[in-house]
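**Q**
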Amino acid sequence: MSLAAQTTPLRLAIAGLVHGHVDGFLRAAAKRSDVQIIGLSDLDSALRSRYAEKYKLPEGTLFASAEDMLKGAKPEAVAAFTNTFDHAAIVDLCAAHKVPVMMEKPLAVSVAHAKRIQAAANSSGIPVIVNYETTWYASHGAIYKMIHEAKTAGEIRRMVAMDGHQGPKEIGVPPEFLSWLTDPARNGAGALFDFGCYGANLMTWLMDNARPVAVTAMTKTIKPASYPKVDDDATILVEYPRAQGIIEASWNWPFSRKDFEVYGEHGYA
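Read in order, the letters of the sequence shown correspond to residues 216 to 484 in our numbering.
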């Protein structure tokens with residue numbers, strides 16, 4: 216049943232509070248009448264208390280573990296704001312309870328974790344959604360229609376994705392967020408995964424899921440004092456038989472940007 220067709224609010228639970236985007240998500244949910252936050256789970260009691268106080272959530276909605284939350288709150292869906300490494304475990308857990316789950320990008324820290332998530336979703340039949348924010352931009356929907364429906368630009372020849380900002384430390388992300396963003400085990404990489412995933416997602420979509428012929432990545436750590444364990448700048452070259460993709464992902468730019476350019480045979484956007 217679609218959300219619009221529901222007569223009662225969707226019972227939504229939050230698994231993990233260490234991703235900085237959870238604040239904006241809860242702020243948006245608080246303004247909606249069709250969504251009810253019925254549970255927050257995180258090992259850190261201070262984080263649970265902080266968000267419960269800010270968004271006026273009762274003590275009974277707070278849980279130390281996602282498993283206790285699923286058993287106690289019985290949500291209809293879960294939104295995960297854990298570190299990326301924990302995505303696979305959250306999907307395993309939600310699959311066992313037959314509860315759909317959404318997570319922040321990227322999907323996983325490795326192919327092995329991605330396949331584990333796929334297997335859990337397939338075996339349980341639950342939807343697994345990854346929030347690649349730039350997917351929802353109206354401009355990108357217009358580009359897709361121009362290329363695939365109106366066909367006004369001809370065949371795609373080149374795509375350029377530019378996603379980045381000054382750096383998570385520089386823009387002041389919360390400490391619980393920064394600690395795992397800069398940890399290769401929990402985040403998979405640095406800017407390469409944090410921002411490179413946007414372009415990879417858009418290019419896969421625009422190329423109708425065609426597999427690239429080759430992918431080459433160059434990474435740098437330009438600010439080792441801030442990011443000693445992970446890359447903070449990356450360029451990814453994606454080769455298709457008749458097109459090229461260039462993904463620029465950075466924690467080193469003087470301003471924030473999420474831009475995407477597509478060049479066709481006789482048109483561009």
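Quick reminder that beta carbons are idealized off the backbone N, C-alpha and C, glycines included.
These figures come from a predicted structure and were not determined experimentally.
State yes or no: is the C-beta of G411 within less than 8 Å of the C-beta of I462?
**A** The answer is yes: Cβ separation under 8 Å.
**Q** For A404 versus D446, is the C-beta spacing smaller than 8 Å?
**A** Yes. Within cutoff.
**Q** I want to know whether the stretch 320-327 touches the stretch 249-264 - three or more CB-CB distances under 8 Å.
**A** Touching, no, given that fewer than three Cβ pairs across the two stretches are closer than 8 Å.
**Q** Can you tell me the Cα-Cα spacing of T436 and G382, whole angstroms?
**A** Each residue's alpha carbon lies about 12 Å from the other.
**Q** Can you name, in chain order, every residue of its own chain whose Cβ lies under 8 Å from the Cβ of K438, other than the five neighbours on each side?
**A** These residues qualify, in order along the chain: G382, D447, W466, N467.
**Q** What does a CB cutoff of less than 6 Å around A292 pick up in its chain, not counting 5 residues either side in sequence?
**A** Around A292: L227, P315.
**Q** List the whole-angstrom C-beta distance separating A244 from V237, where the pair is believed to meet the contact cut-off of C-beta under 8 Å.
**A** Not quite, the Cβ-Cβ distance comes to about 10 Å (not below 8 Å), so this is no contact.
**Q** Hey, V233 and E385: beta-carbon distance below 8 Å or not?
**A** Not in contact: V233 and E385 (Cβ atoms no closer than 8 Å).
**Q** Three-state secondary structure (DSSP) at I291?
**A** Looking at the sequence shown, residue 291 is not Ile but Glu. E291: coil per DSSP, three-state reduction.
**Q** Is the stretch 413-427 in contact with the stretch 359-376, if contact means three or more CB pairs nearer than 8 Å?
**A** Yes: the two stretches touch, three or more of their Cβ pairs being nearer than 8 Å.
**Q** Please list, in chain order, all residues of the same chain as R331 whose beta carbon is under 7 Å from its beta carbon, the five residues on each side excluded.
**A** Within the same chain, R331 has close Cβ partners A303.
**Q** Mind reading off the beta-carbon distance from Y347 to N416? Whole number of angstroms is fine, and I expect it under 8 Å.
**A** 4 Å between Cβ atoms; contact.
**Q** Using 8 Å as the threshold, is the C-beta distance between S264 and A279 below it?
**A** No, Cβ-Cβ distance for S264 and A279 is not below 8 Å.
**Q** Here's a check: name, in chain order, each residue in its chain whose Cβ is nearer than 6 Å to the Cβ of P224, leaving out the five neighbours to either side.
**A** Excluding positions up to five away in sequence, the list reads D249, V250, Q251.
**Q** Would you kindly work out how many angstroms separate the C-alpha atoms of E268 and F240, rounded to a whole number?
**A** Whole-angstrom Cα-Cα distance: 15 Å.
**Q** Determine whether the beta carbon atoms of V477 and I341 lie at a separation below 8 Å.
**A** Result no, Cβ atoms of V477 and I341 do not sit closer than 8 Å.
**Q** Going by CA-CA distance only, name the one from L452, I451, M374 that's closest to G479.
**A** Taking only the C-alpha atoms, the option nearest G479 is M374.
**Q** Do S338 and A310 come within 8 Å of each other at the CB atom, strictly closer than that value?
**A** Cβ atoms of A310 and S338: closer than 8 Å.
**Q** Name the residue from Y266, K320, Y270 whose alpha carbon lies nearest to the alpha carbon of R247.
**A** Residue Y270 is the option with its Cα nearest to R247.
**Q** Is the beta carbon of A230 closer than 8 Å to that of T276?
**A** No. Outside cutoff.
**Q** Would you list the residues sitting across from D448 in a DSSP beta bridge?
**A** Looking at the DSSP assignment, D448 forms a beta bridge with K435, S465.
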